[in-house]
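J.:
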Amino acid sequence: MKYLFLDTNIYIDMIVSRNASHSADSYEQLKMLLDHNQVKILVPAIIEAEVKRHIASEVKNVGDLVQEARKSIENVYWINHVEEIEKYNEKIRPLSQALGNMVDEFRRNEERYISDATTKITGLMHYRNVITIEENGDLLSKVQRRKLYKQCPFHIEDKESWADAMIIETLINIRDFVAINDDDKIYFITRNHKDFSKGNSKTDRVIIHPHIEEQLRQNNLLQAFNYRSLYTKTLIEDFADEATEANIMQQLIEEAEDERREMIDAAREHWYDMERESAGLSSLSSADAYFESIGESDEVQALINAIDSSISSLEVLIEDALDEYSQFEDDLNAEPIANLRARIQAYNTNSPFLQISYESGFSDDEVREAVLEFVDDNLLSVDDIESLRDSIDKKDHFELGILVKFNDLRENTISLSVEGELDPRNDDSDHLWVELYINDARDAYGEVEVYYGGVRYDEDSESPDGTVESIDYNLEKVTDRLVNIIQRNIDSVDHKKVNLGKLRTVLNI
240 MKYLFLDTNI
250 YIDMIVSRNA
260 SHSADSYEQL
270 KMLLDHNQVK
280 ILVPAIIEAE
290 VKRHIASEVK
300 NVGDLVQEAR
310 KSIENVYWIN
320 HVEEIEKYNE
330 KIRPLSQALG
340 NMVDEFRRNE
350 ERYISDATTK
360 ITGLMHYRNV
370 ITIEENGDLL
380 SKVQRRKLYK
390 QCPFHIEDKE
400 SWADAMIIET
410 LINIRDFVAI
420 NDDDKIYFIT
430 RNHKDFSKGN
440 SKTDRVIIHP
450 HIEEQLRQNN
460 LLQAFNYRSL
470 YTKTLIEDFA
480 DEATEANIMQ
490 QLIEEAEDER
500 REMIDAAREH
510 WYDMERESAG
520 LSSLSSADAY
530 FESIGESDEV
540 QALINAIDSS
550 ISSLEVLIED
560 ALDEYSQFED
570 DLNAEPIANL
580 RARIQAYNTN
590 SPFLQISYES
600 GFSDDEVREA
610 VLEFVDDNLL
620 SVDDIESLRD
630 SIDKKDHFEL
640 GILVKFNDLR
650 ENTISLSVEG
660 ELDPRNDDSD
670 HLWVELYIND
680 ARDAYGEVEV
690 YYGGVRYDED
700 SESPDGTVES
710 IDYNLEKVTD
720 RLVNIIQRNI
730 DSVDHKKVNL
740 GKLRTVLNI
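Heads up: the sequence shown begins at 240 in my numbering, then just goes up one per residue.
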């Protein structure tokens with residue numbers, strides 16, 4: 240008997256078309272194999288639970304991607320010449336309309352998609368020749384022991400992979416649940432090489448992790464075990480007779496061609512990385528490393544520190560001003576009313592243009608309210624100061640999107656954001672734009688230019704040479720401009736605080 244042990248990601252690929260090598264027919268093909276009675280599927284209960292838990296979010300992701308594509312189309316515009324605009328509209332309108340229709344269709348049917356997917360997966364996992372394996376106390380204890388000894392998948396620092404650990408323990412203890420004969424074969428298929436494979440390289444990712452291998456050997460399962468990463472390729476190569484008898488071989492061959500193209504692309508990327516490594520250059524496999532390097536650079540740290548220092552100074556002064564206002568209000572209420580009336584009258588006599596609203600017939604409360612109203616309207620508005628304080632939104636690290644945003648005392652929205660994308664390519668470059676906006680107008684900007692370096696061969700040598708990768712920063716102007724704007728608000732708050740102090744002196748409060 241041949242047993243298929245499929246990881247969660249393989250089942251998810253049957254629901255959403257996120258993997259080009261996993262066709263829409265894979266679900267029916269698998270059922271046809273099961274109907275043939277020579278193949279069985281082993282399904283740990285945790286995998287069924289994990290798949291069902293992810294169905295709604297995976298379906299929602301589809302709608303979000305279409306919505307993002309639609310927004311991107313709507314944000315595109317063109318050169319403002321009659322002929323150019325006409326050409327643009329002719330091409331862009333059908334795209335926008337088609338995406339809009341897709342968004343509408345998805346929203347109308349989202350709940351049905353989720354329901355259909357749930358029914359589909361539930362039907363497969365309870366189909367004929369499917370063996371569901373419920374975890375027991377012994378398995379749970381072994382998972383805890385795996386965590387204690389930091390065995391795969393807990394070998395990864397700060398990664399809580401309880402579900403993957405349960406999958407591993409179910410696999411290596413499968414004889415406790417199913418009678419595995421000497422000539423039986425188990426095929427474990429997963430694309431999660433980080434948790435299950437020996438390593439991340441092209442060679443290591445198709446080899447099971449040594450922790451799992453040793454435990455399979457101890458349980459006399461290694462001779463029956465087969466580790467695979469490509470679903471369709473596995474069915475063609477390892478289930479050829481069964482697939483042929485089930486009349487699905489041609490479909491599998493077509494899918495395998497898609498998988499082959501993906502493997503070629505992956506191999507090409509791996510070759511580029513090896514060539515770059517031999518030339519002393521970084522791998523192009525991920526933009527994260529470049530972004531991390533940028534975030535840790537002295538230039539970006541100077542920007543982050545300038546934001547943090549300026550905003551912190553502003554926040555401290557705001558709190559001081561609010562405390563000063565509160566103390567003024569307390570002292571105002573404690574001041575003898577006769578003294579207060581006399582000083583208000585004296586102030587109004589000496590200040591013909593800016594006066595405290597006062598009439599002799601005011602009650603005691605109305606006199607004090609008149610003073611506070613004068614302060615709020617002319618000196619220090621608590622609402623404005625609190626609005627400024629509450630609007631401040633600041634990141635303490637460098638990332639795409641908003642770094643700092645607030646509404647200043649002039650009713651402007653100030654924002655500093657990082658825009659752009661890093662897509663590492665050989666001998667090419669990308670930019671990140673650090674843009675300062677006042678309302679909808681860009682006031683200043685800086686840039687980070689990332690050159691990824693390139694590989695070339697010397698005419699007299701077979702060894703590759705590399706053009707040096709580099710990251711260039713131009714952030715001083717935008718940093719200075721932002722600090723100046725924040726300082727302007729600091730000065731404004733301080734000025735209001737000083738004016739309130741002057742009124743204290745005038746009224747002798």
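Glycine is no exception: its CB is placed at the ideal position from the N, C-alpha and C atoms.
Is it the case that the region 385 to 397 contacts the region 354 to 369, given that we only count it when at least three CB pairs across the two stretches are under 8 angstroms?
T.: The region 354 to 369 is not in contact with the region 385 to 397.
J.: Write down the C-beta distance between N738 and L561 rounded to the nearest angstrom, noting that I regard them as a contact closer than 8 angstroms.
T.: Residue numbering aside, residue 738 sits at position 499 when the sequence shown is read from its first letter. Residue numbering aside, residue 561 sits at position 322 when the sequence shown is read from its first letter. Going by Cβ atoms, the distance from N738 to L561 rounds to 15 angstroms, so no, they are not a contact pair.
J.: Which same chain residues, not among the five before or five after I447, have their C-beta less than 6 angstroms away from its C-beta?
T.: Walking along the sequence shown from the start, residue 447 turns up at place 208. Closer than 6 angstroms at Cβ, skipping near neighbours: Y466.
J.: State the DSSP-derived secondary structure class of S654, mapped to helix, strand or coil.
T.: Residue numbering aside, residue 654 sits at position 415 when the sequence shown is read from its first letter. Reduced to three states, the DSSP call for S654 is strand.
J.: Short check: CB of P663 to CB of Y690, under 7 angstroms?
T.: Numbered from its first residue, the sequence shown carries residue 663 at position 424. Numbered from its first residue, the sequence shown carries residue 690 at position 451. The answer is no: Cβ separation not under 7 angstroms.
J.: Could you tell me whether the Cβ atoms of L648 and S552 are closer together than 7 angstroms?
T.: Counted from its first residue, the sequence shown places residue 648 at position 409. Counted from its first residue, the sequence shown places residue 552 at position 313. Contact flag unset, no.
J.: Quick one: is I592 buried, meaning 16 or more other Cβ sit within 10 Å of its Cβ, or exposed?
T.: Locating residue 592 in the sequence shown gives position 353, counting from the first residue. It should be noted that the sequence gives Phe, not Ile, for residue 592. Flag for F592 reads exposed.
J.: Which of the three DSSP states, helix, strand or coil, is assigned to K386?
T.: Counting from 1 along the sequence shown, the entry for residue 386 is found at position 147. Correct three-state label for K386: helix.
J.: Using the three-state DSSP reduction, which class does T588 fall into: helix, strand or coil?
T.: Walking along the sequence shown from the start, residue 588 turns up at place 349. Here T588 sits in helix by DSSP.
J.: Buried or exposed: R347, going by 16 or more other Cβ atoms within 10 Å of its Cβ?
T.: Locating residue 347 in the sequence shown gives position 108, counting from the first residue. Exposed: under 16 other Cβ atoms inside 10 Å.
J.: Are the Cβ atoms of N713 and E686 separated by less than 7 angstroms?
T.: Counting from 1 along the sequence shown, the entry for residue 713 is found at position 474. Counting from 1 along the sequence shown, the entry for residue 686 is found at position 447. Yes, they are a contact pair.
J.: Roughly how many angstroms separate the alpha carbons of R580 and A680, rounded to a whole number?
T.: Numbered from its first residue, the sequence shown carries residue 580 at position 341. Numbered from its first residue, the sequence shown carries residue 680 at position 441. Each residue's CA atom was taken as its position, placing R580 and A680 some 49 angstroms apart.
J.: Out of curiosity, what's the CA-to-CA distance linking Q462 and I254?
T.: Working through the sequence shown from its first residue, we reach residue 462 at position 223. Working through the sequence shown from its first residue, we reach residue 254 at position 15. Straight-line Cα distance between these residues: approximately 33 angstroms.
J.: When you compare each of A479, L542, L746 and E531 to N589 by their alpha carbons, which one comes out closest?
T.: Residue numbering aside, residue 589 sits at position 350 when the sequence shown is read from its first letter. Nearest of A479, L542, L746 and E531 to N589, Cα basis: L746.
J.: In the DSSP assignment, find the alpha helix (DSSP H) that holds L304 and state where it starts and stops.
T.: In the sequence shown, counting from the first residue as 1, residue 304 sits at position 65. Unbroken alpha helix (DSSP H) run through L304: A284 to E313.
J.: Sorted by chain position, which residues of the same chain lie with C-beta nearer than 8 angstroms to I395's C-beta, five sequence neighbours on each side aside?
T.: Numbered from its first residue, the sequence shown carries residue 395 at position 156. Excluding positions up to five away in sequence, the list reads K433 and D434.
J.: Could you tell me which of L460, G438 and G534 sits nearest to K424, measuring between CA atoms?
T.: Locating residue 424 in the sequence shown gives position 185, counting from the first residue. Minimum Cα distance to K424 is reached at L460.
J.: Taking the continuous alpha helix (DSSP H) assigned at E688, which residues delimit it?
T.: What you label residue 688 is simply residue 449 of the sequence shown in a count that begins at 1. Premise fails: E688 lies in the beta strand (DSSP E), A680 to Y690, not in any alpha helix (DSSP H).
J.: Quick one: residues in its chain with C-beta nearer than 8 angstroms to the C-beta of S400, no 5 flanking neighbours on either side, listed in chain order?
T.: In the sequence shown, residue 400 corresponds to position 161, counting from 1. Within the same chain, S400 has close Cβ partners P392, F393 and D434.
J.: Return the first residue and the last residue of the beta strand (DSSP E) that W401 is part of.
T.: As a working note, residue 401 is residue 162 in the sequence shown. Note, W401: premise wrong, no beta strand (DSSP E); alpha helix (DSSP H) at W401 to I411.
J.: Rank N458, F427, S436 and T442 by C-alpha distance to the C-alpha of K472 and give the top, closest one.
T.: Start at 1 with the first residue of the sequence shown, and residue 472 comes out as number 233. For K472, the nearest C-alpha among the options comes from F427.
J.: For the alpha helix (DSSP H) that N572 lies in, which residues bound it at each end?
T.: As a first step, residue 572 is located in the sequence shown; it is residue number 333 there, counting from the start. Segment D537 to A573, the alpha helix (DSSP H) holding N572.
J.: In the DSSP assignment, the beta strand (DSSP E) including S668 goes from what residue to what residue?
T.: Stepping through the sequence shown from its first residue, residue 668 is reached at position 429. Per DSSP, S668 belongs to the beta strand (DSSP E) from S668 to I677.
J.: Which residue's Cα is closest to the Cα of V301: I286, E344 and N319?
T.: Taking the sequence shown and counting its residues from 1, the one referred to as residue 301 is at position 62. When each option's Cα is compared against that of V301, the closest is E344.
J.: Among A418, I546 and I249, which one has its Cα closest to the Cα of R430?
T.: Walking along the sequence shown from the start, residue 430 turns up at place 191. Ranking A418, I546 and I249 by Cα distance to R430 puts I249 first.
J.: Going by the CB atoms, is the gap between K437 and I370 shorter than 7 angstroms?
T.: On the sequence shown, position 131 is the one that residue 370 refers to. On the sequence shown, position 198 is the one that residue 437 refers to. Not in contact: I370 and K437 (Cβ atoms no closer than 7 angstroms).
J.: Going by C-alpha distance, which of S602, F601, I583 and D603 is nearest Q594?
T.: Within the sequence shown, the letter at position 355 stands for residue 594. The shortest Cα separation from Q594 among S602, F601, I583 and D603 belongs to I583.
J.: Would you identify the three-state DSSP class for F345, choosing helix, strand or coil?
T.: Stepping through the sequence shown from its first residue, residue 345 is reached at position 106. It is helical.
J.: Please report the residue range of the alpha helix (DSSP H) in which F613 lies.
T.: Position 374 of the sequence shown, counting from 1, holds the residue named residue 613. Element bounds for F613: D603 to N617.
J.: What do you reckon, are the CB atoms on Y529 and L661 nearer than 7 angstroms?
T.: On the sequence shown, residue 529 is found 290 positions in, with the first residue counted as 1. On the sequence shown, residue 661 is found 422 positions in, with the first residue counted as 1. In contact: Y529 and L661 (Cβ atoms closer than 7 angstroms).
J.: In angstroms with no decimal places, state the Cα-to-Cα distance between S702 and K441.
T.: As a working mapping, residue 702 is identified with position 463 in the sequence shown. As a working mapping, residue 441 is identified with position 202 in the sequence shown. Because S702 sits at a pLDDT of 49, beneath the cut-off of 50, its placement in the model cannot be relied upon, and the point is left open.
J.: So what's D730 in DSSP terms, helix, strand or just coil?
T.: Translated into the one-based positions of the sequence shown, residue 730 becomes position 491. In the three-state reduction of the DSSP assignment, D730 falls in the helix class.
J.: With L639 and L721 assumed to form a contact (beta carbons below 8 angstroms), what rounded beta-carbon distance in angstroms separates them?
T.: For the purposes of this step, residue 639 is taken as residue 400 along the sequence shown, with counting starting at 1. For the purposes of this step, residue 721 is taken as residue 482 along the sequence shown, with counting starting at 1. Not quite, the Cβ-Cβ distance comes to about 18 angstroms (not below 8 angstroms), so this is no contact.
J.: With distance defined between alpha-carbon atoms, name the residue in E688, N646, A573 and N314 nearest to I677.
T.: By 1-based counting over the sequence shown, the position of residue 677 is 438. When each option's Cα is compared against that of I677, the closest is N646.
J.: Just mark V717 as buried or exposed, buried being the case when its beta carbon has 16 or more other beta carbons within 10 Å.
T.: Counting from one through the sequence shown, the residue named residue 717 turns up at place 478. With 16 or more Cβ atoms within 10 Å of its Cβ, V717 is classed as buried.
J.: Just reading off the alpha helix (DSSP H) that Y250 is part of, what are its end residues?
T.: Within the sequence shown, residue 250 is the residue found at index 11, counting from 1. It spans T247 to D252 - the alpha helix (DSSP H) in which Y250 sits, taken as one unbroken run.
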